[in-house]
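**Student:** My questions will all concern the structure given below.
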Amino acid sequence: MLNSLVEQPEKLRKVVLVGFESAGKSALFRGLTGRDTGEESNVRGSTVTVRRSELLAHQLELLDTPGIRIKDDSVTTMLTLKQLAAGDTVILVIRGTDVVQELPLLLGMLDVTGKNAVLVLTFADKCGPGLSAQADYYRKGLGISVLALNTREMDGNAQDLICRAVIAARPIKRHPEFESPPESPVIEPQTTMFEHTVWGRFVALAALAFLFAAPVYVAYLFSGWIQLLADVWILEPLHRMTAGFWKPLQAIMLGDYGIISLGLYSFIWAFPVVFLIGISVAVTEESGLKDRITDSLDGWMRKIGLNGKDLIPVLSGFGCNVVAVFQSRTCSSCTRKSCVSMISFGSACSYQIGASLSIFSSGGKPWLFFPYMLVLVLAGAIHTRLWNRNRLDDTLPLHAKRTFLQKPSWRSVSWRVRSVMKQFLVQAMPIFIGICVVATLLEQTGVLSVLTGALTPTLAIFHLPGDAAGGILFSILRKDGLLVLNQDQGSFVDDLSGGQLFILVYLASTLTACLVTMWTIRKELGAVFAMQLAGKQLVTSLGSAFVLAWLWNWIA
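Printed below as a string of structure tokens:
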């Protein structure tokens with residue numbers, strides 16, 4: 001009879017990691033679970049959702065929550081407070097270098113009455129020998145376990161120590177004492193030119209430009225060299241081999257929009273850009289430079305209705321707009337919609353950057369890429385300021401310590417780059433190949449000619465030929481849909497003037513966000529806002545393109 005009974009597993013104890021941004025929660029989560037998720041980075045707000053993992057050996061369910069900010073109403077802060085209420089035990093994660101200032105602030109924000117708690121002091125490697133005395137003081141004053149750790153280098157003993165502390169956790173004293181902790185010298189984050197009161201913003205802007213310009217230029221040189229080899233060794237032999245094939249099949253494979261001819265051409269120009277920008281962004285985040293740049297540019301961001309912390313999602317948009325929209329959860333409720341507006345218009349994703357560089361290069365005018373990027377960002381800033389006139393409260397307290405600058409680890413950088421490459425190869429390229437097939441079918445059936453004819457009068461306003469309609473239409477599906485303009489190995493764009501080429505790429509880039517981004521915005525902020533944003537962006541794009549076309553003709 002006893003053998004027939006099924007032993008019911010014990011209910012897992014829910015343990016919630018809570019702390020300010022950059023406290024080291026995600027590194028602690030990784031150290032406890034052994035999960036190299038690649039999402040834990042040396043950048044504020046690297047966690048925008050709740051991550052869960054079960055530690056079955058200790059009957060624990062671990063939850064890593066987004067970092068919280070002082071007096072903040074962002075989605076991520078609200079999410080953290082909600083998870084805290086549902087947790088059985090809370091691990092308070094605070095940087096050991098700032099525990100004296102941050103512990104009272106954190107306890108003042110959280111309701112941990114009656115909850116079992118453990119205090120973990122991170123960045124122990126940045127603290128002096130006085131940290132042990134501080135840990136003892138807080139252990140007695142709070143009545144809970146206090147552990148000082150370097151969460152980036154945790155071994156099995158540290159993992160077991162934390163788990164045992166969680167199992168034995170108890171609530172904080174009803175009247176805790178932490179007003180007079182012993183002093184402990186700490187290593188302060190490095191001071192750099194980014195913090196200079198006069199030149200800091202210009203240095204940050206120059207660093208930002210270099211971090212994107214350098215990989216784009218190297219990618220351009222590499223792609224130009226590879227393209228010549230591909231023409232001679234791949235495309236020309238294939239054209240000779242398929243000369244007698246069935247015409248529709250030949251068109252799908254090697255026609256103007258062929259999956260081999262156009263697909264290979266576009267891959268050569270897009271892949272190196274995506275790869276090198278992926279490396280640049282990963283190194284910038286893992287080294288701590290990204291936070292320093294955003295902190296330095298806070299004042300300028302406020303001029304357009306945003307602030308420094310909103311720049312992080314905007315910069316993430318230069319990798320992927322969808323990821324950036326998710327990361328905008330870290331923005332306060334009064335700036336999130338403005339931030340998403342800036343992402344949708346002014347953040348050129350890596351696919352858009354690769355496609356734009358490819359088109360400019362095919363047209364024999366690669367130098368247009370840099371003024372294009374400059375105009376895109378400036379127009380995005382004007383667009384954001386124009387449609388979002390809410391004034392920021394300059395007195396809003398932003399509790400943000402300087403991020404430590406550190407040498408990026410190969411493991412974290414390589415994971416991020418592998419993730420970007422996987423997304424490009426598994427998601428972007430198959431969709432683009434599908435676009436090539438659809439474009440060929442539309443061309444062969446005459447539908448593309450009908451659409452081109454319908455858009456020709458509108459394009460004529462901008463002095464663009466009707467054949468440019470295909471690139472604009474397909475860029476609405478995906479920003480690298482612009483690559484269909486590389487038809488016939490770039491002969492179409494090669495016939496355009498510099499002004500026509502610039503306006504064409506600008507229109508295709510800004511007319512609307514890609515469908516995946518718009519779908520994400522709808523899910524995050526509602527269908528009404530998504531439709532309003534699309535309408536406003538359409539107006540700004542057409543209006544600014546008209547002004548740019550007029551200026552170009554006036555200068556020419």
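Mapping the sequence shown onto full-length UniProt numbering, position 556 (from 1) lands on 556, and the numbers just tick up by one.
Quick reminder that beta carbons are idealized off the backbone N, C-alpha and C, glycines included.
Beta-carbon of K247 versus every beta-carbon of chain D: anything under 7 Å?
**Tutor:** The question asks about chain D, but that chain is absent: this structure has only one protein chain.
**Student:** Across which residues does DSSP place D64 in a beta bridge pair?
**Tutor:** D64 is bridged to L17 and R51.
**Student:** Does the beta-carbon of L482, which I'm using as the reference point, lie nearer than 6 Å to any heavy atom of the ligand NAP?
**Tutor:** The ligand NAP is not among the ligands present in this structure, which contains no ligands whatsoever.
**Student:** On the premise that I91 lies in contact with V120, defined as a C-beta separation below 8 Å, what is that separation, rounded to the nearest angstrom?
**Tutor:** So it is a contact: roughly 6 Å between Cβ atoms.
**Student:** So what's L119 in DSSP terms, helix, strand or just coil?
**Tutor:** Strand at L119.
**Student:** Going by CA-CA distance only, name the one from R95, L107, P182 and L254 that's closest to L147.
**Tutor:** For the residues R95, L107, P182 and L254, the minimum Cα distance to L147 belongs to R95.
**Student:** Quick check: the Cα distance between G308 and K11, rounded to an integer number of angstroms?
**Tutor:** G308 and K11: Cα-Cα distance of roughly 43 Å.
**Student:** List the endpoints of the continuous alpha helix (DSSP H) containing L405.
**Tutor:** Taken as a continuous stretch (DSSP letters only), L405 belongs to no alpha helix (DSSP H), as it is neither H nor E.
**Student:** Could you check the C-alpha separation between C163 and H58 for me, to the nearest Å?
**Tutor:** Their Cα atoms are separated by approximately 7 Å.
**Student:** Please name the residue, chosen from S223, L473, F345 and L485, that lies closest to V539 on a Cα-to-Cα basis.
**Tutor:** Closest by alpha carbon: F345.
**Student:** Could you check how far apart the C-beta atoms of N388 and S316 are, in whole angstroms? I think they sit under 8 Å.
**Tutor:** Not really, about 19 Å apart at Cβ, beyond 8 Å.
**Student:** Mapping the DSSP letters down to three states, classify C349 as helix, strand or coil.
**Tutor:** Here C349 sits in coil by DSSP.
**Student:** Whole beta strand (DSSP E) runs in the stretch 243-280 with 3 or more residues, listed along the chain?
**Tutor:** The stretch 243-280 contains no whole beta strand (DSSP E) run of 3 or more residues.
**Student:** Quick one: give me the first and last residue of the alpha helix (DSSP H) that R95 is part of.
**Tutor:** Segment T89 to R95 is the beta strand (DSSP E) holding R95; no alpha helix (DSSP H) there.
**Student:** Are there 16 or more other CB atoms within 10 angstroms of the CB of E443, so buried, or fewer, so exposed?
**Tutor:** By the neighbour-count rule (16 or more Cβ atoms within 10 Å), E443 is buried.
**Student:** Could you compute how far the alpha carbon of M301 sits from the alpha carbon of Q327?
**Tutor:** C-alpha separation (whole angstroms): 17 Å.
**Student:** Once DSSP output is grouped into helix, strand and coil, what is the label at C320?
**Tutor:** Coil at C320, not helix or strand.
**Student:** Taking just the CA atoms, how far does Q159 sit from L32?
**Tutor:** Whole-angstrom Cα-Cα distance: 6 Å.
**Student:** Applying the 10 Å Cβ sphere with the 16-neighbour rule, what's the burial state of H383?
**Tutor:** When all chains shown are included, H383 counts as buried.
**Student:** L511: which of A165, I476 and T192 sits nearest, CA to CA?
**Tutor:** Per the Cα distances, I476.
**Student:** Spell out a yes or no on whether the stretch 498-512 and the stretch 540-553 are touching, meaning 3 or more CB-CB pairs, one atom from each, closer than 8 Å.
**Tutor:** The stretch 498-512 is in contact with the stretch 540-553.
**Student:** My output table needs one value for R336: the three-state DSSP class, helix, strand or coil.
**Tutor:** In this structure, R336 counts as helix in the three-state DSSP scheme.
**Student:** Between the alpha carbons of C349 and L161, how many angstroms are there, rounded?
**Tutor:** In a straight line, the C-alpha of C349 is about 43 Å away from that of L161.
**Student:** What's the gap between the Cα of A209 and the Cα of L448?
**Tutor:** So the two alpha carbons sit approximately 38 Å from each other.
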